[in-house]
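Colleague: Residue numbers (my numbering): 125 to 1395. First the structure, which I've put down as structure tokens, then a few questions once you've had a look.
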């Protein structure tokens, strides 16, 4: 058993080390470093440049400095030259950045640097580690599902590391949010939680990660809130929110930082509104004395932009608009009010007016009628005029003259102009600027343009088209076709550039992409030639592409590409096994060709899991260390218990593993290694190990236990003999004759001091103390016992009398027993040896302590168990405030009243509640009445509280009536609505009493309510009860209840009400059904009975609501009583329920494989795809009993058993032979375990039988095979 414990401890240490190696580690700067080194080359990263807020000029200068830095580093021939170039460029970068930008840049890279190296790590462990490294506290209710695998050689700051994790967590519906010192992992299934997202200023966006959720308030700066929200809405992410705050002129947006940076840019480009700049909207009500309000409102709605509401009865017009529009409304209404006669009243008219210059036209009309209001509707081409009849006549006459100067009086027409040589799209731009009021559209079918405008506009368009078409015809006559050779990588870019730069030229790329066919004039050919030369001279643009990597190590491939294609930027996506490459087209093709060369043959990509037996004498660690460099693409999992190596690799790698294992097999069997335990007597482990050092070599392992009492030696038999001989010589010299064991009483805590002092005097003596630290047990020579006796007598001070703890019961009369217990336990420590138990129900305290301690405790209990002082009686008075404010009265009274008086104002009821001691109440009443200006005594205004009895459910009616009659009085009813409690004056109480008397006599007692029962056959009692309660009012006093067991409806009502209820029940309840009912029983093996019962009840709800359904848990059967049609429906449901494949449970004992190794193999068999679908089987490994606990479908359990059989597990049999195999093991296979043991079998059996009763209560029977040398 000792052998097993030691081996298990070693395996646990190895597993712990392997787990730690797969985690994320951080590389931090040394503590002695004065300041972090800043690499200004990082400014080339667009994300960092955006975070610093570089201007356009700074970005241009930064690019020039980066190019100069690269050129200087390339030209440098030694390290000194490179260092000088870096120092010179850093100085230039510092001068380029402002002080704030420099501080922010240093802060971005002065954080602790982290490096990712994850292999199938669970999310809670990943997030907990990152939170610790970032000095944050992790808050997480629901962890993200699945595992996280990512490896990268790049160092990340804590902010960048959290942002990288956020980018992946968003795909799983989770996010990390930093708030103060918390790192919160939030589940986004229901969106962003209110109040959890931190709110920052726009300037702090640069310090946050791109995928981090924050809330920012953007100032609108005279922009219309509705316009800004409309522009921002399409930019929001999946979980983004936007809300306008018009009162504060702000926009509140919650989203990721990347989206918020884009939103900030878009909001800044929205132009300010003139109406918004004039101020926020305001509501003004204009009275109308002389003019017609409805007609005036019609005019305002046509001219003023805002909300206009007319009140014809009150002769008022309400306008809600900005100050700019309010000024226009005020001017119009003043004119309406100034004109008194009907002829002077302004009217609204519309005139057709299609003009080219609306501003000049309005200025001309304003000269004709200065008092009128005018506006041109550009959409309909009409003039809106608000003026008097005389001014309207002037405007009409003037318009006729103005429009008469134009052909056809300014009327518009539609004309189609065909184009022969001019490109239709090119002429649209010219026509839009030449005739802005005309409408121009393309006629793609007839290659022309369609113009809708006046005669003058049509003439202008016609002249322009004729001129342009003739010029284009002359140009086409001089066109020639030329061929230009271009690199294949630039053909697409060249076509796009020439289409915008030389629009008249026709450019076509041939299918190979190496030539351009250009049809153009001579001058245009010169432009094309110059542009192509410039295009070929400039470097090609970089492109971003994703290259999948199958069958290769992603990290190694990225390192190879960094050497072969140094100018390309390669980012590793280990989770999806992809390479993200940013490079020019030639470099992209180079990357693609390298990946194709590195790609394995099709046969070597298929990987499968196999088990390889380890040769005798070869350890799994040595095999893994040897095979890892030979087969780097293979996944090696050692199984020490089964002496196997689990390999997941291609067939060629499996063949290589077999060959290497055969070569590593030792030619001769090494001598057996044994474990021996040697007791240490009279010496320390350090001294013994120093003496044994010459005998310890690579084949010997020596370990001392924690107490220094035993020495564990693992070595061959020959070495064991030498070590045993050496230890015998050491112990014989140290062990003296005549050692005795004696017990000394010292008393707590003196036993600890005695043991410490005596061990310093006699290191060879064995000294122990008991659990209570009162007794000292010593094993020493007689001479040493004499000194020990003297020292213990001096330390204990006195004998046992008075030092023994005795129990005593204390009766408590006033104080709580648990409270006193808590107080006493806080006064004494565990070294005082006092035990206290309290019981509040009996009021007793049981204390176990010494006599002197009881004296102290008794005094404390007497002080605590004092009778409380008698409370002085208090009185409550209510005062009516009248017109005085309650808070003002409270402040005035608190300054003159004592601290024992409580003043509470009731501002709604305008009352003052004062609570004071009975002795002080007269003086308080007098002071309050003086302040309120009232006379002493209880006059007619004093309040009194009385109760009145009414019939059931009538108190509420009285309360409603009396509250309207006396709003200053207080009326309250009880739950039964039979008692009315009123707080009012004496005069009001007289009225209340008369109202109650009238209500009591208004109904004759002859008609009383009586209960009746209505039987229900098919109707639902709850639904019928709700229908009846909605049928009667509360004042009808109808009470209805439902008896579900008896299927009856009980109603308490008057006879006429019972008639209504009976009629409704008879209509809802059909006559008794003639169809007989059937009783059937359905067995439900392996199914949830409650779920099946609910499903059947839902099915029968429409067929037979009166069906009886009962689930018998003892027999696992469902009993149903219903009609034949209902039974047929139930049978169909049962057949569908039993067709499902429910999950089953199984327990598999293991003999060769370890439970953890088997669990890892099974999980690798299914992979991560089952985690997302929910079909993943449940696997639990029990290392103590060497069993696998499984829950899955029958197919999954069969696959797992087949896998364990192939891995060499003899205890696993097929499902059909499971019972026979269990019987063969003995007793169904319960409690039997086979443990391979090497070395001394008899010694191991003796140690197991000796140690088992100390750690387990159940009996243990150890069987060993025949013979004396087996293991």
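Note that the Cβ used here is the ideal one computed from N, Cα and C, for glycine as well. Keep in mind that this is a model prediction, so the values were computed, not measured.
Could you check whether the region 997-1016 touches the region 954-974, counting it as contact only if at least three pairs of C-beta atoms, one from each stretch, sit closer than 8 Å?
Modeller: Taking 8 Å as the limit for Cβ pairs, the verdict is that the region 954-974 does not touch the region 997-1016.
Colleague: Span of the beta strand (DSSP E) holding residue 308?
Modeller: Residue 308 -> beta strand (DSSP E) spans 306-311.
Colleague: For residue 1071, which residues does DSSP report across the bridge?
Modeller: In DSSP, residue 1071 forms a bridge with 1105.
Colleague: Cα separation between residue 1178 and residue 1172?
Modeller: Spanning the two alpha carbons is a distance of roughly 19 Å.
Colleague: Can you give, in chain order, each stretch of the alpha helix (DSSP H) that sits fully within the region 411-441 and has at least 4 residues?
Modeller: List check, alpha helix (DSSP H) in window: 417-427.
Colleague: So, under 8 Å CB-CB, residue 1119 and residue 1085 are touching, yes? Tell me the CB distance rounded to an integer number of Å.
Modeller: Indeed they touch by this definition, with Cβ atoms about 7 Å apart.
Colleague: For residue 1152, which option in 1328, 919, 990, 1181 has the closest C-alpha, if you only look at C-alpha atoms?
Modeller: The candidate whose alpha carbon is nearest that of residue 1152 is 1181.
Colleague: For residue 1400, report the span of its beta strand (DSSP E) as first-last.
Modeller: Outside the shown range of the chain, which is 125 to 1395, sits residue 1400, and nothing can be said about it.
Colleague: Do residue 492 and residue 551 have their CB atoms nearer than 9 Å?
Modeller: It is not a contact, given that the beta carbons lie outside the stated cut-off.
Colleague: Could you give the residue range of the beta strand (DSSP E) that holds residue 1419?
Modeller: Past the boundaries of the shown model lies residue 1419; the chain is included only from 125 to 1395, so the question cannot be answered.
Colleague: So is residue 1129 buried or exposed if we call it buried at 16+ other beta carbons inside 10 Å?
Modeller: Only weak support exists for where residue 1129 lies, its pLDDT of 46 falling under 50; the value from the coordinates is given anyway. The residue in question, residue 1129, is exposed, as its Cβ has fewer than 16 Cβ neighbours within 10 Å.
Colleague: Using DSSP bridges, identify the partner residues of residue 1039.
Modeller: Note: residue 1039 sits in a beta bridge opposite 1000, 1026.
Colleague: List the endpoints of the continuous beta strand (DSSP E) containing residue 1097.
Modeller: Counting along the chain, the beta strand (DSSP E) containing residue 1097 begins and ends at 1094-1097.
Colleague: Hey, would you say residue 408 sits closer than 9 Å to residue 427, going by beta carbons?
Modeller: No, these two residues do not count as a Cβ contact at 9 Å.
Colleague: Does the count of Cβ pairs from the region 269-285 and the region 237-244 closer than 8 Å reach three?
Modeller: The region 269-285, when compared against the region 237-244, does touch it at the 8 Å Cβ threshold.
Colleague: Which partner residues of residue 577 appear in the DSSP bridge assignment?
Modeller: DSSP lists 537 as partners of residue 577.
Colleague: Hey, residue 1445 and residue 182: beta-carbon distance below 9 Å or not?
Modeller: The structure shown does not extend to residue 1445, since the chain spans only 125 to 1395, so no value can be given for it.
Colleague: Tell me whether the region 471-481 and the region 509-523 touch, counting them as touching only if at least three CB pairs, one residue from each stretch, are closer than 8 Å.
Modeller: Result yes; three or more Cβ-Cβ pairs closer than 8 Å.
Colleague: Apply the 10 Å Cβ neighbour rule to residue 843 and answer buried if 16 or more other Cβ atoms are within range, or exposed otherwise.
Modeller: Buried.
Colleague: In the DSSP output, what is residue 302 paired with across the bridge?
Modeller: According to DSSP, residue 302 bridges with 307.
Colleague: Tell me whether residue 1190 sits in a helix, a strand or coil according to DSSP, three-state version.
Modeller: In the structure shown, residue 1190 sits in a helix (DSSP, three-state: H, G or I).
Colleague: Rounding to the nearest angstrom, what Cα-Cα distance links residue 1306 and residue 1377 in this structure?
Modeller: Taking the straight line from one Cα to the other gives about 21 Å.
Colleague: Would you list the residues sitting across from residue 736 in a DSSP beta bridge?
Modeller: Answer is 769.
Colleague: Identify the residues that DSSP records as bridge partners of residue 510: which are they?
Modeller: Partner(s): 472, 497.
Colleague: Just how far apart, CA to CA, sit residue 447 and residue 423?
Modeller: So the two alpha carbons sit approximately 18 Å from each other.
Colleague: Could you give the C-beta distance for residue 359 and residue 390, rounded to a whole number, given that I count them as a contact under 8 Å?
Modeller: That pair is a contact at about 6 Å.
Colleague: Would you give the residue range spanned by the beta strand (DSSP E) that residue 342 belongs to?
Modeller: It spans 337-343 - the beta strand (DSSP E) in which residue 342 sits, taken as one unbroken run.
Colleague: Would you decide whether residue 783 is buried or exposed? Buried here means 16 or more other CB atoms lie within 10 Å of its CB.
Modeller: Classification of residue 783: exposed, given that the 10 Å Cβ count is below 16.
Colleague: CB residue 1314 to CB residue 1258, shorter than 9 Å?
Modeller: Contact flag unset, no.
Colleague: Tell me the residue span of the beta strand (DSSP E) that contains residue 626.
Modeller: It is not in any beta strand (DSSP E) - residue 626 carries neither H nor E in the DSSP assignment.
Colleague: Taking the alpha-carbon positions, what's the residue 404 to residue 439 distance?
Modeller: Their Cα atoms are separated by approximately 26 Å.
Colleague: By how many angstroms is the C-alpha of residue 323 removed from the C-alpha of residue 395?
Modeller: Going from the Cα of residue 395 to the Cα of residue 323 covers about 26 Å.
Colleague: Report the option in 584, 437, 1303, 211 whose CA atom is closest to the CA atom of residue 194.
Modeller: For residue 194, the nearest C-alpha among the options comes from 211.
Colleague: Contact defined as beta carbons within less than 8 Å: I believe residue 330 pairs with residue 177. What is the distance between those atoms, to the nearest angstrom?
Modeller: Going by Cβ atoms, the distance from residue 330 to residue 177 rounds to 6 Å, so yes, they are a contact pair.
Colleague: When you compare only the Cα positions, how much space is there between residue 207 and residue 216?
Modeller: Cα-Cα distance, rounded: 14 Å.
Colleague: Since I believe residue 698 is in contact with residue 656 (beta carbons under 8 Å), could you give me their beta-carbon distance rounded to a whole number of angstroms?
Modeller: The pair is not a contact, with the Cβ atoms about 43 Å apart (cut-off 8 Å).
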